[in-house]
Ligand SMILES: Cc1cc2nc3c(=O)[nH]c(=O)nc-3n(C[C@H](O)[C@H](O)[C@H](O)COP(=O)(O)OP(=O)(O)OC[C@H]3O[C@@H](n4cnc5c(N)ncnc54)[C@H](O)[C@@H]3O)c2cc1C
Ligand SMILES: Cc1cc2nc3c(=O)[nH]c(=O)nc-3n(C[C@H](O)[C@H](O)[C@H](O)COP(=O)(O)O)c2cc1C
């Protein structure tokens with residue numbers, strides 16, 4: 003990955019007013035930052051009228067970064083001189099001294115900051131955090147499937163206020179289908195911010211309404227304009243007798259405008275299982291041909307709408323509230339209390355919409371009522387497991403197929419089973435989800451340590467292909483694990499061939515069920531603490547991909563232990579060491 007460009011800043015004691023300094027900083031940022039498009043850089047002639055604006059983003063997988071760039075473009079059109087900062091490298095004093103501040107950030111883990119925003123958050127919370135004077139507004143990105151919805155954005159919002167900044171709008175909370183909420187927030191924020199800053203002259207170009215996203219990115223292969231691709235390969239990776247179903251998929255990618263890099267994810271837009279759609283319609287005693295509203299005036303048959311437009315498994319909170327009102331059942335009423343997070347998660351686990359409808363026929367929910375409560379069907383992301391250098395016209399995925407039983411019914415993950423069972427016929431809409439926070443080192447000589455058990459192997463297969471294709475000299479170390487070596491050693495031949503060819507210098511394996519006691523990748527890290535630390539001291543980048551709920555936490559704890567053991571540091575020093583790795587983007591995670 004390219005190191006972030008150093009953007010020169012006008013010193014505070016330089017003989018400029020705040021507005022002039024902000025304008026000049028904006029201008030320099032436009033010239034030097036990879037994050038600000040040169041075409042949107044303000045021109046010197048318009049200098050006196052431009053309003054200073056600092057935009058700070060915190061992002062794990064690129065969404066907040068993409069939206070921050072969009073906000074920056076829009077702000078420029080409306081007469082601001084925006085300066086865009088990643089929380090990874092933003093000095094707190096930059097925010098403190100800014101007169102106008104917009105923050106866009108996602109939430110990760112269990113209500114935590116994105117990895118690269120952790121140091122920023124510690125700084126903002128420290129006793130030495132400076133007084134803030136900005137008029138500010140926060141846009142929090144999240145997912146209502148997580149109990150701590152948008153928690154980090156909300157914490158930043160509260161902390162800025164506590165530090166003296168002046169909130170001009172309530173924190174916007176955006177779910178995974180964020181477009182309308184984000185566009186509304188952006189428009190209002192820029193109006194409020196510009197109302198509070200005096201302009202001195204030339205009227206800036208650009209209209210009032212936020213530029214529709216489709217206009218900006220009507221390029222094929224984006225979330226807004228997916229690319230219809232043929233699924234060419236669907237191959238089971240596990241051997242007979244495995245408890246897992248992990249599949250290798252290959253999509254055709256012959257359109258030269260659809261490009262990806264190792265480290266990116268692929269968005270897949272699935273359709274729902276037709277058998278479940280039919281079951282749901284019978285449970286409602288509805289007619290599959292009944293016409294229902296979908297969005298923006300679009301109306302479709304119930305069958306079509308439920309097949310392609312709505313999430314029909316995950317229970318929306320609105321459905322619980324609706325049933326609580328209709329049935330007055332104590333448990334449902336209790337679950338509508340906004341403070342019942344733990345209980346709600348336990349209730350939702352293993353339950354789907356159909357279970358609630360079957361359990362409460364007396365509520366007489368109609369098809370129209372249900373559709374009005376459903377969330378839009380969301381694309382699923384998959385870490386790409388190929389390098390375009392090795393496979394220029396294809397994109398590969400490594401997917402764990404979700405199947406389980408609960409309450410006496412067989413359940414299927416929407417997208418993974420769509421890929422496994424139904425994606426072969428007609429083209430599948432896909433898009434590239436760029437992730438600049440997860441890239442092999444830009445310098446081919448820098449060593450890589452990759453921890454990727456299970457489907458976590460995916461991006462590292464891409465990294466190794468990338469390095470191999472480019473003849474990179476840097477050493478590569480992979481920790482891989484799964485249940486059993488005989489059935490679950492994904493890509494065994496490839497990895498062993500890369501080991502023999504010297505592309506993979508170290509391959510450490512942990513198969514949890516090959517022996518009585520469970521062995522996981524983090525144990526292998528600890529067994530090799532000294533060598534692992536030596537690699538880090540040699541500048542290695544450390545990568546983790548796969549399960550977020552347990553594996554990534556255990557690997558993180560093991561990394562801290564490695565530093566304590568091998569370098570004889572105390573836990574605080576180990577934490578500082580790991581934080582420095584994160585801030586310099588040498589510790590990168592792609593966990594889910
Ligand atoms: C950046 C990123 C990269 C990713 N990369 C990959 C990848 O490379 N490979 C990969 O396989 N996945 C990857 N994922 C995960 C992937 O996006 C999907 O979340 C996954 O495939 C499940 O989607 P689905 O539609 O099949 O299941 P869904 O319909 O979304 O259902 C999943 C839900 O089912 C429930 N569930 C699952 N198992 C059980 C159980 N045993 N008991 C009760 N409830 C259960 C849980 O609520 C779970 O959230 C990635 C995710 C992200 C965010
Ligand atoms: C592993 C993981 C954990 C997450 N945890 C939360 C959470 O606790 N709360 C929340 O609201 N959203 C959570 N999210 C959702 C992200 O915040 C959301 O997808 C966001 O749009 C991602 O933005 P980014 O690409 O800029 O990081 C989580 C997502 C993942 C993959």
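Numbering (our numbering), first residue to last: 3 to 594. Using N, Cα and C, we set each Cβ at its ideal position, and we do this for glycine too.
Three-state class that DSSP yields for residue i in the structure shown
i: residue 141; result: strand
i: residue 471; result: helix
i: residue 206; result: Any reading at residue 206 must be qualified, since the residue scores a pLDDT of 40, below 50, and its modelled position is unreliable; the value itself is stated next. Reduced to three states, the DSSP call for residue 206 is coil.
i: residue 424; result: helix
i: residue 262; result: coil
i: residue 579; result: helix
i: residue 594; result: coil
i: residue 63; result: coil
i: residue 36; result: Low per-residue confidence applies at residue 36: pLDDT is 35, beneath 50, and the placement is therefore not dependable, though the value from the model is reported in the following sentence. Coil at residue 36, not helix or strand.
i: residue 448; result: coil
i: residue 440; result: coil
i: residue 393; result: coil
i: residue 574; result: helix
i: residue 97; result: helix
i: residue 57; result: strand
i: residue 478; result: strand
i: residue 588; result: coil
i: residue 146; result: coil
i: residue 304; result: helix
i: residue 412; result: strand
i: residue 102; result: strand
i: residue 256; result: coil
i: residue 561; result: helix
i: residue 367; result: coil
i: residue 244; result: coil
Residue i Cβ short of 6 Å to ligand 1 heavy atom set
i: residue 418; result: yes
i: residue 265; result: no
i: residue 457; result: yes
i: residue 326; result: no
i: residue 231; result: no
i: residue 534; result: no
7 Å Cβ shell around residue i - same chain, five flanking residues per side excluded
i: residue 133; result: 98, 165, 166
i: residue 483; result: 455, 511, 512, 513, 514, 522, 523
i: residue 581; result: 120, 121
i: residue 535; result: 564, 565, 568, 569
i: residue 285; result: 356, 359, 360
i: residue 425; result: 233
i: residue 237; result: 249, 250
i: residue 66; result: 59, 60, 106, 107, 108, 143
Whether residue i touches residue j by CB criterion (7 Å)
i: residue 404; j: residue 386; result: no
i: residue 109; j: residue 176; result: no
i: residue 228; j: residue 420; result: no
i: residue 321; j: residue 362; result: no
i: residue 499; j: residue 388; result: no
i: residue 431; j: residue 230; result: yes
i: residue 384; j: residue 264; result: no
i: residue 123; j: residue 115; result: yes
i: residue 516; j: residue 487; result: yes
i: residue 170; j: residue 125; result: no
i: residue 376; j: residue 312; result: yes
i: residue 63; j: residue 103; result: no
i: residue 365; j: residue 328; result: yes
i: residue 370; j: residue 294; result: yes
i: residue 414; j: residue 275; result: yes
i: residue 142; j: residue 100; result: no
i: residue 537; j: residue 459; result: no
i: residue 77; j: residue 192; result: yes
i: residue 416; j: residue 546; result: no
Heavy atom of ligand 2 within 6 Å of residue i beta-carbon
i: residue 66; result: yes
i: residue 171; result: no
i: residue 498; result: no
i: residue 387; result: no
Cβ shell of residue i (< 6 Å), same chain only, five flanking positions each side left out
i: residue 402; result: 248, 457
i: residue 477; result: 449, 507
i: residue 579; result: 565
i: residue 577; result: none
i: residue 504; result: none
Cutoff 8 Å; reference residue i; Cβ partners in own chain excluding five residues on either side
i: residue 345; result: 336, 337
i: residue 343; result: 149, 150
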